[in-house]
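Written below as structure tokens is the structure these notes are about.
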Amino acid sequence: MQDSEKALCEVLPQGELEASVQRYAGSYRDRLYPPLVTLGLFVDQVLSADQSCQDAVARNLSTRVSAGLTPSSLNTGPYCKARQRLPLEWLAHLSHMAGQRLCEAQPSAWRWRGREVKLIDGATVSMPDTAANQAAFPQGPQQKAGIGFPIARIVGIISLGCGALLEWLAGPCEGKYSGETSMLRQMGQTLKPGDIVLADRYYAGYFMLAHLLGLGVDVVVRQHQLRHTNFRRGAHLGQRDHIVHWARPQRPVWMDEASYQSMPAFLRLRETRVGGWILVTSLCDAHVSKADLARLYGWRWQVELDLRAIKSVMQMDVLRCQSPAMVRKEIAAHLLAYNLVRAVMAQAACAACVLPRQLSFKAALQQLRAFEQGLRHRPHADVRAAHRAIILAIGRKQLPHRPGRVEPRVIKRRPSNHSLMTQPRAELRRNLLALRRARGNMQSA
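The number in my numbering is simply the position in the sequence shown, starting from 1, with 40 added.
Shown next as structure tokens:
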């Protein structure tokens, strides 16, 4: 096995995994659901198509019976309590560790000119409408009370090369420090000098760019729609391609005076019009052409596909947990599972001599689900052969090359004819019962 392939297989080494149990879970009683067993079931649960606690308990029963152990109960209570005992910090640590190790182990051919490219974007997910969830993750102000659902915002940093989620932060969509740029400022430990950051125009503000450039990274973003670009000014590099100096704007109300004074008075940036976009970048070297920037920024769309894989393919768009603490753990379990699937895809890409971005995340997850039942009952000696078969199967499901593909953001299938909820469910029930009583009185009269 090549060194790179071996490193890709060790994103969560057994020794470090057991050490993390001692660090975060500490001592624990010998229960039916110890931390590692509960963690494995939790990851299986978010990766499964069913995603119910009953399905996870049934999987545990199947595993115990196949191993010759005493059958466990199908009661979901002990498993749910075991999930509650899992420290959130442990789940987040494992998620970050898997992503970081996968990124560090990727071959240099997966990088852009030897440099690590990182994608930044945010997404929202909803959850059950409980009082506790509403208090921690308030619903949007445009929705009436009792009708909408609590909303959580997630901001992540994703590796372009291997697709791993390197760092993330989850929080409410309302209140101080809840915006995407504010959440990104609270992260940033993953961004290293020499990295290249791709982001959409939401991150093209002066202070956001100053923050990123202060970390020693280069940026490529779209010009914000409110900023006017005059290509007749600055140092010309070519047609509609120049270097300009952005002056520091006035201090915004959310920034304190000390932070404002620490910002540079000017930012030296390159603005260029290419491919229908106006791009803003700190890559001012002449050896980076306009066509290079257009191809590089075109890869930004991968973060949209990655978020779609997490939300739609892994079904994280609608969470299930009833309390804020478990909602955060459910998010962490999903993102850990996502990175583990990405690790398998990286192994498959390395074996097939292709880029991970040429493989389908959905097809990889389908293969893992298809083999999962057989792996549970397969003798330990045969697991290696089954693993090799999975890797080869995932490597064969390559995405078609579709340059310049565009799709309208519309829905063809018509929704059902049911009316939308405009009152809380309790009020609707009371109205239906009152209408039923009124009809009964009319019939008796």
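Just so it is clear, CB atoms sit at the ideal spot from N, CA and C, and this is done for glycine as well.
Environment of V293 [buried if 16+ CB atoms lie within 10 Å]: Indexing the sequence shown from 1 puts residue 293 at position 253. Per the 10 Å Cβ criterion, exposed.
Residues bridged to D258 [DSSP beta-bridge criterion]: Residue numbering aside, residue 258 sits at position 218 when the sequence shown is read from its first letter. Its beta-bridge partners are I236.
Inter-stretch contact (C-beta, 8 Å, three-pair minimum) for the region 164 to 175 and the region 351 to 359: Verdict: yes, contact present.
For R397, the three-state DSSP class (helix, strand or coil): As a first step, residue 397 must be located in the sequence shown, where it is residue number 357. Helix at R397.
Between the CA atoms of N457 and A474 - distance to the nearest angstrom: If you number the sequence shown from 1, residue 474 lands on position 434. If you number the sequence shown from 1, residue 457 lands on position 417. Between A474 and N457, the C-alpha separation is close to 24 Å.
Distance between N471 and R477 (C-alpha atoms, nearest Å): Walking along the sequence shown from the start, residue 477 turns up at place 437. Walking along the sequence shown from the start, residue 471 turns up at place 431. If you take the alpha carbons of R477 and N471, they lie about 10 Å apart.
Local Cβ density within 10 Å of S322, reported as buried at 16 or more and exposed below that: Position 282 of the sequence shown holds residue 322. Buried, by the Cβ-count rule.
Nearest candidate by alpha-carbon position, reference V486, set S113, D70, R335: Outside the shown range of the chain (41 to 485) lies residue 486, about which nothing can therefore be said.
Cβ-Cβ separation, K437 to L380 (assumed contact under 8 Å), whole Å: Looking up residue 380 in the sequence shown gives position 340. Looking up residue 437 in the sequence shown gives position 397. At roughly 18 Å, the Cβ-Cβ gap does not stay under 8 Å, so L380 and K437 are not in contact.
Where the alpha helix (DSSP H) containing S166 begins and where it ends: Your numbering for residue 166 matches position 126 in the sequence shown. Where S166 is concerned, there is no enclosing alpha helix (DSSP H), although the beta strand (DSSP E) it sits in stretches over 157 to 166.
Spatial distance of Q263 from R449 (CA atoms): The residue labelled residue 263 in the question sits at position 223 within the sequence shown. The residue labelled residue 449 in the question sits at position 409 within the sequence shown. Rounded to whole angstroms, Q263 and R449 show a C-alpha spacing of 22 Å.
Sub-8 Å separation of G219 and L255 beta-carbons: To locate residue 219, count along the sequence shown from 1; it is residue 179. To locate residue 255, count along the sequence shown from 1; it is residue 215. In this structure, G219 keeps its C-beta atom at 8 Å or more from the C-beta atom of L255.
Rounded distance between the beta-carbons of V195 and L224, thought under 8 Å: In the sequence shown, the residue the question calls residue 224 occupies position 184. In the sequence shown, the residue the question calls residue 195 occupies position 155. Right, their Cβ atoms sit about 6 Å apart.
6 Å Cβ shell around R151 - same chain, five flanking residues per side excluded: For this step, residue 151 is matched to residue 111 along the sequence shown. For R151, same chain residues with a beta-carbon under 6 Å away, outside a window of 5 residues either side, are G201 in chain order.
Assigned exposure category for A386 - 16 Cβ within 10 Å defines buried: As a position in the sequence shown, residue 386 is number 346, starting the count at 1. Here A386 is buried: its Cβ has 16 or more other Cβ atoms, across all protein chains shown, within 10 Å.
DSSP-derived helix/strand/coil call for Q62: Here residue 62 corresponds to residue number 22 of the sequence shown, with the count starting at 1. The answer is helix: DSSP assigns Q62 an H, G or I state.
Alpha carbon of V367 to alpha carbon of E467, nearest angstrom: Stepping through the sequence shown from its first residue, residue 367 is reached at position 327. Stepping through the sequence shown from its first residue, residue 467 is reached at position 427. Taking the straight line joining both Cα atoms gives about 27 Å.
Residue burial classification, A122 (beta-carbon count within 10 angstroms, cutoff 16): The sequence position of residue 122 within the sequence shown is 82, counting from 1. So A122 counts as buried.
Closer than 8 Å to chain B by CB, G316: Annotation note: the requested chain B is absent from the structure, which comprises a single protein chain.
Three-way DSSP call (helix, strand, coil) for I350 in this model: The sequence position of residue 350 within the sequence shown is 310, counting from 1. In this structure, I350 counts as helix in the three-state DSSP scheme.
Neighbourhood of M41 by C-beta distance below 7 Å, restricted to the same chain and skipping five residues each side: Along the sequence shown, one-based indexing puts residue 41 at 1. For M41, the predicted model reports a pLDDT of 37, less than 50, meaning its position is unreliable; a value from the coordinates is still stated below. Within the same chain, M41 has no close Cβ partners at all.
Burial state of L319, where buried means 16 or more other Cβ atoms lie within 10 Å: As a first step, residue 319 is located in the sequence shown; it is residue number 279 there, counting from the start. Sixteen is the threshold: when 16 or more other Cβ atoms of the shown chains lie within 10 Å of the Cβ of L319, as they do, the residue is buried.
Cβ-based burial, Q407 [other Cβ within 10 Å; buried from 16]: Reading the sequence shown from its first residue, position 367 is the one you call residue 407. Under this definition Q407 is a buried residue.
Spatial distance of E214 from E344 (CA atoms): What you label residue 214 is simply residue 174 of the sequence shown in a count that begins at 1. What you label residue 344 is simply residue 304 of the sequence shown in a count that begins at 1. Each residue's alpha carbon lies about 23 Å from the other.
E311 and V328 closer than 8 Å at C-beta: Position 271 of the sequence shown, counted from the first residue, corresponds to residue 311. Position 288 of the sequence shown, counted from the first residue, corresponds to residue 328. No; because the gap between Cβ atoms is not below 8 Å, this pair is not in contact.
Spatial distance of R480 from P178 (CA atoms): Position 440 of the sequence shown holds residue 480. Position 138 of the sequence shown holds residue 178. According to the sequence as given, residue 480 is Gly; it is not Arg. For G480 and P178, the distance between alpha carbons rounds to 41 Å.
Whole-angstrom distance between R241 and Q146, CA atom to CA atom: Locating residue 146 in the sequence shown gives position 106, where the first residue counts as 1. Locating residue 241 in the sequence shown gives position 201, where the first residue counts as 1. Computed Cα separation, rounded: 29 Å.
Three-way DSSP call (helix, strand, coil) for I451 in this model: Within the sequence shown, residue 451 is the residue found at index 411, counting from 1. The answer is coil: DSSP assigns I451 none of H, G, I, E or B.
Buried versus exposed call for H306 [16 or more other C-beta atoms within 10 Å across all chains shown]: Position 266 of the sequence shown, counting from 1, holds the residue named residue 306. One detail in the question is off: residue 306 reads as Phe in this sequence, not His. When all chains shown are included, F306 counts as exposed.
Extent of the continuous alpha helix (DSSP H) to which F82 belongs: If you number the sequence shown from 1, residue 82 lands on position 42. F82: member of the alpha helix (DSSP H) spanning 75 to 87, first to last residue.
Per-residue DSSP class, three states only, for W339: Position 299 of the sequence shown, counted from the first residue, corresponds to residue 339. Three-state result, W339: coil.
G139, enclosing alpha helix (DSSP H) - first and last residue: Locating residue 139 in the sequence shown gives position 99, where the first residue counts as 1. Its alpha helix (DSSP H) spans residues 128 to 145.
Inter-stretch contact at 8 Å, needing at least 3 Cβ pairs: the region 136 to 145 / the region 204 to 211: Touching, yes, given that three or more Cβ pairs across the two stretches are closer than 8 Å.
Cβ neighbour criterion (16 or more within 10 Å) applied to D325: Sequence index remark: in the sequence shown, residue 325 carries index 285 (1-based). It is exposed - the Cβ of D325 has fewer than 16 other Cβ atoms within 10 Å.
Alpha-carbon to alpha-carbon, P455 and Y246: Locating residue 246 in the sequence shown gives position 206, counting from the first residue. Locating residue 455 in the sequence shown gives position 415, counting from the first residue. Near 42 Å, if we compare the C-alpha coordinates of P455 and Y246.
Residue nearest to G338 in terms of C-alpha spacing, selected from A172, P181, V314, A349: Taking the first residue of the sequence shown as 1, we reach residue 338 at position 298. Minimum Cα distance to G338 is reached at V314.
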